[in-house]
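Peer 1: Numbering (mature numbering (1 follows the signal peptide of the UniProt record, and there is no 0)), first residue to last: -1, 1 to 541.
Every residue, glycine too, gets a C-beta built ideally from N, C-alpha and C.
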Ligand code: C2O
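This is how it looks when you write it as structure tokens:
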């Protein structure tokens, strides 16, 4: 196994999109940032130097960080932010994962422009569990704002309203030729007749689930979130923010140009759907220079839940899965929106949710508040009191009809930095239940520090009497992010065998900002064999 050394300089860079030039925050002046290419079993050493005017941290989304929680990256969870002018070196090993992951800033909305791909090839000497593709490419889906994304989130937080709609969706940072001033830079993916391409698709958009399709070409799904899956064919993918999907495509169509396209799926009900499609071009080598207009795939409509569900429920592990069959912990966690009363003297413009309120979000009726003086991991490791409490509830404080007409008295969550303690090695099940508090929304729920099995999902209220019979304990897929259906539920299982403080949150950035998160504190116990490594010397302090 190899160790790969990288330098990431986070700095302001001039980026031109949609006819306008912006000062965007990038890594090494690149947008999207550099792709890290490694083999399963390799280690990464990434020195991040902050030359921007904002605090920053980098998260290696989906990297399990076994015993290296200090390198996970979410600000105030495993580290304090890297302040302007400072640096921090992330050191970790990727082991037992093959496929595609990605990295992104985990600080305010910086990840709008601070992200890149992590490509994990098979272990040295191993090969893919499918025939070797002739060509590989990465397609990273993103979201672009004409305004500074940091100002957009600040405004949303200040006014308590929904953030403004992005101006474009992007493929590898480019809106594509359906947008003004964008056609020259449209991403092109080459293909040769008769050959096979492996395409790694990443949803790095801040706040949007996306459908993905290539005109006329069948997609064979072979992996997701850096785990292989039992291959299946589909014409369309649906990815929640945070998720990755690896597909094989064959150059079996008439040589020509075909659009690769992604479009928004299931945003807040009633939200406008302008600027919701992005394109790249799949180009047959022999057709190069052809000026013909590429063929556009017909994408599912934004509310096509049947297509989305058919896709998300098609995933299976390739073999027998190591899913825990017995449980030490069985949690029931709601995920939903809510509203907070506005302070009596606040200006009307600061209270733009209905009836002079501000939007908020919660898990089990707790809006997660990040600490500010210490990270949770530092506080835990050094025994610093008063930073968090361990009373995050294992079930919602009251039982109600989660997906029905929720009584207004249940709309207002409490605020707190509450974590849930898991014993090292515990076999854990979490029933994630979406709620219709204020409104129903999708929630891509991401857990740090672990992959988990998605053993079932469905709509309405989870019913332990009837729904447990639907559990797949044989070959459920391994994921790090599950798209909780709108007004629905999902059940995940994992073994808590990685010590640390691990945030589980909605990967819609606006929801995490509103508190849709909780933290598992997995305690290794003094002297335990699998103890957490000591904090690195350069770990940032607050
Ligand atoms: Cu991809 Cu907590 O993040």
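Which residues share a DSSP beta bridge with residue 78?
Peer 2: Along the chain shown, read from residue 1 onward, the residue named residue 78 stands at position 79. Answer is 74.
Peer 1: How long is the line joining the alpha carbons of residue 23 and residue 150, rounded to whole angstroms?
Peer 2: For the purposes of this step, residue 23 is taken as the residue at position 24 of the chain shown. For the purposes of this step, residue 150 is taken as the residue at position 151 of the chain shown. A direct Cα-to-Cα measurement between residue 23 and residue 150 gives close to 12 Å.
Peer 1: I think residue 230 touches residue 114, with their Cβ atoms under 8 Å apart; what is that distance to the nearest whole Å?
Peer 2: For the purposes of this step, residue 230 is identified with residue 231 of the chain shown, where counting begins at 1. For the purposes of this step, residue 114 is identified with residue 115 of the chain shown, where counting begins at 1. Wrong, their Cβ atoms sit about 28 Å apart, outside the cutoff.
Peer 1: Alpha carbon to alpha carbon, how far is residue 472 from residue 324? Give it in angstroms, no decimals.
Peer 2: For this step, residue 324 is matched to residue 325 along the chain shown. For this step, residue 472 is matched to residue 473 along the chain shown. Straight across, the Cα-Cα distance linking residue 324 with residue 472 is about 7 Å.
Peer 1: I need the boundaries of the alpha helix (DSSP H) containing residue 512, first residue and last residue.
Peer 2: Reading the chain shown from its first residue, position 513 is the one you call residue 512. Taken as a continuous stretch (DSSP letters only), the alpha helix (DSSP H) holding residue 512 covers 508 to 512.
Peer 1: Determine the closest residue to residue 404 out of 426, 436, 44, 368, with distance taken between C-alpha atoms.
Peer 2: Numbered from 1 along the chain shown, position 405 holds the residue referred to as residue 404. Taking only the C-alpha atoms, the option nearest residue 404 is 436.
Peer 1: What does the alpha-carbon distance come out to for the pair residue 512 and residue 252?
Peer 2: Working through the chain shown from its first residue, we reach residue 512 at position 513. Working through the chain shown from its first residue, we reach residue 252 at position 253. Spanning the two alpha carbons is a distance of roughly 45 Å.
Peer 1: Quick check on DSSP: helix, strand or coil for residue 553?
Peer 2: One cannot answer for residue 553 here, as it falls past the ends of the chain, which runs -1 to 541.
Peer 1: To the nearest angstrom, how far is it from the Cα of residue 127 to the Cα of residue 228?
Peer 2: Indexing the chain shown from 1 puts residue 127 at position 128. Indexing the chain shown from 1 puts residue 228 at position 229. C-alpha separation (whole angstroms): 12 Å.
Peer 1: Under a Cβ-count criterion, where at least 16 other Cβ atoms within 10 Å of its own Cβ denotes burial, should residue 172 be classed as buried or exposed?
Peer 2: Residue mapping note: residue 172 aligns to position 173 of the chain shown, counting from 1. Around the CB of residue 172, 16 or more other CB atoms lie within 10 Å, so the residue is classed as buried.
Peer 1: Can you tell me whether residue 492 is buried or exposed? The criterion is at least 16 other CB atoms within 10 Å of its CB, across all chains shown.
Peer 2: Counting from one through the chain shown, the residue named residue 492 turns up at place 493. Label assigned to residue 492: buried.
Peer 1: Out of curiosity, what's the CA-to-CA distance linking residue 309 and residue 445?
Peer 2: Within the chain shown, residue 309 is the residue found at index 310, counting from 1. Within the chain shown, residue 445 is the residue found at index 446, counting from 1. Cα to Cα, residue 309 sits roughly 21 Å from residue 445.
Peer 1: Just to confirm, is the Cβ distance from residue 519 to residue 421 under 8 Å?
Peer 2: For the purposes of this step, residue 519 is taken as residue 520 along the chain shown, with counting starting at 1. For the purposes of this step, residue 421 is taken as residue 422 along the chain shown, with counting starting at 1. Result yes, Cβ atoms of residue 519 and residue 421 sit closer than 8 Å.
Peer 1: What does a CB cutoff of less than 6 Å around residue 269 pick up in its chain, not counting 5 residues either side in sequence?
Peer 2: Position 270 of the chain shown, counting from 1, holds the residue named residue 269. Since pLDDT at residue 269 reaches only 38, below the 50 mark, its modelled position is unreliable, and the value read off the structure follows with that caveat. So the list is empty, once near-sequence residues are dropped.
Peer 1: With which residues is residue 138 paired in a DSSP beta bridge?
Peer 2: Position 139 of the chain shown, counted from the start, is the residue given in the question as residue 138. Per DSSP, 200.
Peer 1: Can you tell me whether residue 474 is helix, strand or coil according to DSSP?
Peer 2: Along the chain shown, one-based indexing puts residue 474 at 475. DSSP places residue 474 in coil when its eight states are reduced to three.
Peer 1: Quick check: what's the CA-CA separation for residue 160 versus residue 14?
Peer 2: Here residue 160 is taken as the residue at index 161 of the chain shown, counted from 1. Here residue 14 is taken as the residue at index 15 of the chain shown, counted from 1. If you take the alpha carbons of residue 160 and residue 14, they lie about 28 Å apart.
Peer 1: Among 408, 441, 470, 350, which residue has its Cα nearest to the Cα of residue 157?
Peer 2: What you label residue 157 is simply residue 158 of the chain shown in a count that begins at 1. The shortest C-alpha separation from residue 157 is found at 350.
Peer 1: Under 7 Å, CB to any heavy atom of ligand 1. Which residues pass, going along the chain?
Peer 2: 58, 60, 73, 103, 105, 241, 445, 447, 502, 504, 506
Peer 1: Let me know the secondary structure DSSP gives residue 310 once reduced to three states.
Peer 2: Here residue 310 refers to the residue found at position 311 when the chain shown is read from its first residue. Three-state DSSP puts residue 310 in a helix.
Peer 1: Just to confirm my understanding: we take residue 180, look at its own chain, exclude 5 residues before and 5 after, and list those with CB closer than 7 Å. What are they?
Peer 2: Translated into positions along the chain shown, residue 180 becomes position 181. Excluding positions up to five away in sequence, the list reads 17, 18.
Peer 1: I'd like the list of long-range same chain contacts for residue 187, defined as Cβ closer than 6 Å, with 5 residues on each side in sequence excluded.
Peer 2: Counted from its first residue, the chain shown places residue 187 at position 188. The answer, listed in chain order, is 280, 282.
Peer 1: From residue 221 to residue 238, what distance separates their C-alpha atoms?
Peer 2: Numbered from its first residue, the chain shown carries residue 221 at position 222. Numbered from its first residue, the chain shown carries residue 238 at position 239. Whole-angstrom Cα-Cα distance: 14 Å.
Peer 1: Identify every run of the beta strand (DSSP E) within the stretch 34 to 61, keeping only runs that are complete inside it and at least 3 residues long; order them along the chain.
Peer 2: 35 to 38, 42 to 49, 57 to 60
Peer 1: How is the beta strand (DSSP E) around residue 550 delimited, first residue to last?
Peer 2: No answer is possible for residue 550: it lies beyond the span of the chain, which begins at -1 and ends at 541.
Peer 1: Using the rule of at least 16 other Cβ atoms within 10 Å of the residue's Cβ for burial, across every protein chain shown, is residue 372 buried or exposed?
Peer 2: Counting from one through the chain shown, the residue named residue 372 turns up at place 373. So residue 372 ends up on the exposed side.
Peer 1: May I have the straight-line CA-CA distance separating residue 502 from residue 71, to the nearest angstrom?
Peer 2: Reading the chain shown from its first residue, position 503 is the one you call residue 502. Reading the chain shown from its first residue, position 72 is the one you call residue 71. Roughly 10 Å separates the two Cα atoms.
Peer 1: With a threshold of 8 Å, are at least 3 pairs of Cβ atoms found where one atom belongs to the stretch 74 to 84 and the other to the stretch 125 to 143?
Peer 2: no
Peer 1: Using the rule of at least 16 other Cβ atoms within 10 Å of the residue's Cβ for burial, across every protein chain shown, is residue 397 buried or exposed?
Peer 2: The residue labelled residue 397 in the question sits at position 398 within the chain shown. It is exposed - the Cβ of residue 397 has fewer than 16 other Cβ atoms within 10 Å.
Peer 1: In terms of residues, what are the limits of the alpha helix (DSSP H) holding residue 319?
Peer 2: Here residue 319 is taken as the residue at index 320 of the chain shown, counted from 1. Where residue 319 is concerned, there is no enclosing alpha helix (DSSP H), given that its DSSP letter is neither H nor E.
Peer 1: Give me the Cα-Cα distance between residue 434 and residue 532, rounded to the nearest whole angstrom.
Peer 2: Counting from 1 along the chain shown, the entry for residue 434 is found at position 435. Counting from 1 along the chain shown, the entry for residue 532 is found at position 533. Note on geometry: alpha-carbon atoms of residue 434 and residue 532 lie some 38 Å from one another.
Peer 1: Near residue 190, which residues of its chain fall below 8 Å by C-beta distance, leaving aside the five closest residues on each side in sequence?
Peer 2: Numbered from 1 along the chain shown, position 191 holds the residue referred to as residue 190. Result list for residue 190: 134, 196, 248, 250, 281, 282, 283, 284, in chain order.
Peer 1: Report all residues from its chain with a CB closer than 6 Å to the CB of residue 73; omit the five preceding and five following residues, and keep chain order.
Peer 2: Residue numbering aside, residue 73 sits at position 74 when the chain shown is read from its first letter. Result list for residue 73: 58, 105, 502, in chain order.
Peer 1: Within the chosen definition, does the stretch 408 to 418 reach the stretch 204 to 223 through at least 3 CB pairs nearer than 8 Å?
Peer 2: Segments in contact, no.
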